[in-house]
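Notes follow once the structure below has been shown.
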Amino acid sequence: MAERKLSLPPFAALRAFYAAATHARFRDAADSLGVTDSAISHQVKRLEGYLRVALIDRSGAPARLTDAGRRYLARIEPALLRIHAATEAMLPAAGRSTVNKVLRCVARSPRKSLDSGTP
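Its first residue numbered 464, the sequence shown is counted upward by one per residue in our numbering.
Below is the structure:
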């Protein structure tokens with residue numbers, strides 16, 4: 464099998480963006496991952512630097528996804544959910560609670576999002 468070089472951003476940055484995009488506030492996103500809201504902000508900025516595009520408009524309160532952010536979320540969410548499902552399928556039942564804690568933001572369906580403007 465030929466080796467392919469994948470151009471991928473840091474996974475921590477993807478997780479932070481996904482959490483921020485599917486929660487109303489950075490604080491809620493941070494709580495879902497067990498990190499600080501500052502860590503979410505730094506990881507999202509890291510992803511924006513990698514992609515060279517603003518994903519979140521922080522000029523107002525609450526922050527909102529940009530058009531690019533909405534497009535990116537729509538494209539990465541299925542991949543993240545597939546990674547989650549593949550991981551769950553590979554783990555014995557006893558190990559699933561640990562992975563659920565690590566990936567819980569990926570498994571959540573977005574009830575509140577930055578787009579909705581709900582606090």
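All C-beta atoms in this analysis are idealised placements derived from N, C-alpha and C, irrespective of residue type, glycine included.
**Message:** Let me check understanding here. Comparing Cα to Cα, which of Leu544, Ala542, Glu511 lies closest to Leu528?
**Reply:** In the sequence shown, residue 528 corresponds to position 65, counting from 1. Looking only at Leu544, Ala542, Glu511, the smallest Cα-Cα distance to Leu528 is reached by Glu511.
**Asked** Whole alpha helix (DSSP H) runs in the stretch 508-556 with 4 or more residues, listed along the chain?
**Response** 530-553
**Message:** Which residue marks the beginning of the alpha helix (DSSP H) containing Arg467, and which one marks its end?
**Reply:** The sequence position of residue 467 within the sequence shown is 4, counting from 1. It is not in any alpha helix (DSSP H) - Arg467 carries neither H nor E in the DSSP assignment.
**Prompt:** Which value, in whole angstroms, describes the spacing of the CA atoms of Tyr535 and Tyr513?
**Reply:** Reading the sequence shown from its first residue, position 72 is the one you call residue 535. Reading the sequence shown from its first residue, position 50 is the one you call residue 513. The alpha-carbon atoms of Tyr535 and Tyr513 are separated by roughly 13 Å.
**Prompt:** Which of helix, strand or coil does DSSP assign to Ala502?
**Reply:** The residue labelled residue 502 in the question sits at position 39 within the sequence shown. Ala502: helix per DSSP, three-state reduction.
**Prompt:** If you draw a straight line from the alpha carbon of Arg591 to that of Ile546, how long is it in whole angstroms?
**Reply:** No answer is possible for residue 591: it lies beyond the span of the chain, which begins at 464 and ends at 582.
**Item:** Alpha carbon of Arg478 to alpha carbon of Ala493, nearest angstrom
**Value:** Looking up residue 478 in the sequence shown gives position 15. Looking up residue 493 in the sequence shown gives position 30. So the alpha carbons of these two residues sit roughly 10 Å apart.
**Request:** Assign Arg488 to one of three DSSP states: helix, strand, or coil.
**Result:** Residue numbering aside, residue 488 sits at position 25 when the sequence shown is read from its first letter. Looking at Arg488 - three-state DSSP - the assignment turns out to be coil, as it is neither helix nor strand.
**Request:** Have a look at Asp520, Val498, Gly497 and flag the residue whose alpha-carbon is nearest the alpha-carbon of Lys508.
**Result:** By 1-based counting over the sequence shown, the position of residue 508 is 45. Nearest of Asp520, Val498, Gly497 to Lys508, Cα basis: Asp520.
**Prompt:** From Phe480, Lys468, Glu466, pick the residue whose C-alpha is nearest to that of Arg538; which is it?
**Reply:** Residue mapping note: residue 538 aligns to position 75 of the sequence shown, counting from 1. Looking at the Cα atoms, Phe480 is the closest of the given residues.
**Item:** Candidates Leu471, Glu466, Arg467, of which the one nearest Ala594 by Cα
**Value:** With the chain represented from 464 up to 582, any question about residue 594 goes unanswered, as that position is not in the structure.
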